[in-house]
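To start, the structure under review is shown below, and the notes come after it.
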């Protein structure tokens, strides 16, 4: 089995909801079906500018409000996104139990000011050392994919082969593996635990690869 | 005997996309309270499918490569001659995979195997809302 040294967890989509989903929930909560698609596309594009450092939180809010033709003010949207954000406690619990032999890294794709506020509220300092938090906006990337796949190992001072990324976005995960960076696609906490157990990161005596009766073991 | 039905709305994204809906399906099965029965998972579209697979990035990449050999994204499709839509590759890919699954329910949960997950595979070039119907029959 391959052994990794550094495990990277994306902030948006793993530890908390993605910026896209949080923004849509605040600005157009009732819009469903194909009516929501143009909003999703525009807000996704805007939210994609944040991890590249192209726009700050204030501009993001202002532009998102314009896209969704909302009556909210930018400060109000910012405060609503922050107030409604919640920590995925199950995932936090899993991360806390990753053995100390693995370096735990956090990849922050939220605006730094929002992240700092949430990190203080959720005491994320106990999960990730300050010097193991990567703010993608500070990397000055021209494009997130594939550049981030090369920058993350560099930030950790590790070879790509030593790194594993927990990524909530299936398409980005697929691109990562095509570039040689191993990933686990985050969908829900129990599944993440199972995947970590398959990699030998979640410690268990159970045979998770070929269990008896071919039933997924309950960890 | 009970019959319970619901519809999931998902947003797989444009182009080749694979979405894991296992947790949403399991949540519905739990909510029905049915202990012994069957679950039908039905995809309501002609550009995608429902499969059981492992939601692993390498497998998803390999499946894309296989589908690209079968029906290339930039291939020429007779369907495009009517000039209404240009998603011939998505239709051909979908024709080779199922649009429905039947999964047994035992002791209140789906009896999926160790690495089995329920995935939507869609290839529509545009981003659209997609619908999956779940129907539980049992007691």
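Residue numbers (the numbering used here), protein chains in the order written: chain A, 1 to 219; chain B, 1001 to 1139. Built from N, CA and C at the ideal position, the CB exists for glycine as well. Because the structure is a prediction, the values reported are computed rather than measured.
Residue 123(A) carries a coil assignment under DSSP once its states are collapsed to helix, strand and coil. The beta carbon of residue 1128(B) falls within 7 Å of a beta carbon belonging to chain A, placing the residue at that interface.
For residue 64(A), the enclosing alpha helix (DSSP H) starts and ends at 57–68. By the criterion of a C-beta distance shorter than 7 Å, residue 1126(B) is surrounded in its chain by 1014, once the five residues flanking it on both sides are discounted. Going by DSSP, residue 167(A) is part of the beta strand (DSSP E) stretching over 163–167.
Pairing residue 1047(B) with residue 1004(B) gives a Cβ-Cβ distance that is not under 7 Å.
Per DSSP, reduced to three states, the secondary structure at residue 1125(B) is coil, with no helix or strand assignment.
C-alpha of residue 166(A) to C-alpha of residue 1117(B): approximately 18 Å in a straight line. Under a criterion of Cβ atoms nearer than 9 Å, no residue of chain A is adjacent to residue 1031(B); the nearest Cβ is some 16 Å distant. Of all residues in the region 29–40 of chain A, those with a C-beta nearer than 9 Å to a C-beta of chain B are 32, 33, 34, 35, 36, 37 and 40, reading in chain order.
For residue 107(A), the uninterrupted beta strand (DSSP E) run begins and ends at 103–108, by DSSP. Residues of chain A whose Cβ lies closer than 7 Å to the Cβ of residue 1013(B) are, in chain order, 171. Beta-bridge analysis with DSSP links residue 1020(B) to 1119(B). DSSP, reduced to helix, strand and coil, places residue 193(A) within a helical segment of the structure shown. In this structure, the alpha-carbon of residue 116(A) lies about 46 Å from that of residue 1106(B). In the structure shown, the three-state DSSP call for residue 1104(B) is strand. In this structure, DSSP gives residue 114(A) a helical state, which the three-state scheme calls helix.
Residues of the region 1071–1092 of chain B whose Cβ lies closer than 9 Å to any Cβ of chain A: none.
In this structure, the alpha-carbon of residue 1067(B) lies about 12 Å from that of residue 1049(B). A residue is called buried once 16 or more other Cβ atoms fall within 10 Å of its Cβ, and residue 19(A) is buried on that count. For residue 1071(B), the secondary structure class from DSSP, reduced to helix, strand or coil, is coil. In this structure, residue 1135(B) and residue 1019(B) do not form a Cβ contact; the two beta carbons are roughly 19 Å apart against a cut-off of 8 Å.
Secondary structure note for residue 1010(B): its beta strand (DSSP E) is the uninterrupted segment 1002–1010. Note on geometry: alpha-carbon atoms of residue 104(A) and residue 84(A) lie some 26 Å from one another. The Cβ-Cβ distance between residue 134(A) and residue 107(A) falls below 7 Å. In terms of Cα proximity to residue 186(A), the closest of 171(A), 200(A), 179(A) and 178(A) is 171(A).
Here the alpha carbons of residue 86(A) and residue 1128(B) stand approximately 28 Å from one another. At the C-beta level, residue 1130(B) and residue 1055(B) stay beyond 7 Å of one another.
Separation of residue 1121(B) and residue 1016(B) (C-alpha to C-alpha, rounded to the nearest whole angstrom) is 7 Å. Sequence-distant partners of residue 72(A) (beyond 5 residues in either direction) whose C-beta falls short of 6 Å from its own C-beta, in its chain, are 65. If you look at residue 218(A), you'll find it isn't in any alpha helix (DSSP H); DSSP assigns it neither H nor E. DSSP, read as helix, strand or coil, puts residue 1086(B) in coil. Per DSSP, residue 9(A) is one residue of the beta strand (DSSP E) stretching across 6–10. Within the DSSP secondary-structure output, residue 1039(B) pairs in a beta bridge with 1103(B) and 1136(B).
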